[in-house]
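Participant: Submitted below is the structure of interest, expressed as structure tokens.
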Amino acid sequence: MASTLTNLLYHIVFTTRKKQDFIIPELSMELYPYIGGIIREEKGKLLKIGGTLNHVHILAKFPASVSVSEMMRCIKGSSSKWTNENSKSTQHFLWQRGYGAFSVSESAVENVISYIGNQEEHHKKVTFEDEFLLLLQKHKISYNEKNIWD
Numbered sequence: 010m011a012s013t014l015t016n017l018l019y020h021i022v023f024t025t026r027k028k029q030d031f032i033i034p035e036l037s038m039e040l041y042p043y044i045g046g047i048i049r050e051e052k053g054k055l056l057k058i059g060g061t062l063n064h065v066h067i068l069a070k071f072p073a074s075v076s077v078s079e080m081m082r083c084i085k086g087s088s089s090k091w092t093n094e095n096s097k098s099t100q101h102f103l104w105q106r107g108y109g110a111f112s113v114s115e116s117a118v119e120n121v122i123s124y125i126g127n128q129e130e131h132h133k134k135v136t137f138e139d140e141f142l143l144l145l146q147k148h149k150i151s152y153n154e155k156n157i158w159d
């Protein structure tokens, strides 16, 4: 083929260090668009972002030239620096070291968008830990529960 044609959709989930409740609504209103800007800067496209006080869900399309790990390094590095410079909190902000990244088929995009948009309601019934473990199981990702959390 003369060109590379891809549709690389990812549902990415990551949490604050020690799952601290840091992402208050006032912060998320600025942080989420900032993260969207990082994704665009790396030639990706943000389809949906949401979360709760202690974690973020992203649905995005990445170009073939940018790996998930590269994108996450940019997102986490830039957004933690931005948060520490712009947050009114006196606490130092950090993300947990790892993340979960799950491939999404085009036919599931609307369901994932809805899922991310309903995070607050979802977490009235399900803890973040249970949610994340269910995502790992659904996507058949093996893990060691002793090493999964900071």
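Throughout the sequence shown, residue numbering follows my numbering, covering 10 to 159 in sequence. Backbone N, C-alpha and C define an ideal beta-carbon position, used for all residues, glycine too. These figures come from a predicted structure and were not determined experimentally.
1) Roughly how many whole angstroms lie between the Cα atoms of residue 61 and residue 10?
2) Beta-carbon within less than 6 Å of residue 27's beta-carbon, same chain only, minus the 5 sequence neighbours each way: which residues are those?
3) Can you grab the Cα-Cα spacing for the pair residue 30 / residue 12, in whole Å?
4) If contact is defined by three or more beta carbon pairs under 8 Å, each pair taking one atom from either stretch, is the stretch 141 to 152 in contact with the stretch 87 to 97?
5) State the DSSP-derived secondary structure class of residue 47, mapped to helix, strand or coil.
6) How about residue 137 and residue 19: do their beta carbons lie closer than 8 Å?
7) Given a cut-off of 8 Å, decide if residue 46 and residue 2 are closer than it, judged by their beta-carbon atoms.
Facilitator: Let me lay it out:
1) For this step, residue 61 is matched to residue 52 along the sequence shown. For this step, residue 10 is matched to residue 1 along the sequence shown. If I take the Cα positions, the gap works out to 43 Å.
2) Walking along the sequence shown from the start, residue 27 turns up at place 18. Around residue 27: 159.
3) Position 21 of the sequence shown holds residue 30. Position 3 of the sequence shown holds residue 12. If you take the alpha carbons of residue 30 and residue 12, they lie about 45 Å apart.
4) no
5) Against the sequence shown, residue 47 aligns to sequence position 38. Residue state, collapsed to three classes: helix.
6) Taking the sequence shown and counting its residues from 1, one reaches residue 137 at position 128. Taking the sequence shown and counting its residues from 1, one reaches residue 19 at position 10. No; because the gap between Cβ atoms is not below 8 Å, this pair is not in contact.
7) With the chain running from 10 to 159 in the structure shown, residue 2 is simply not present.
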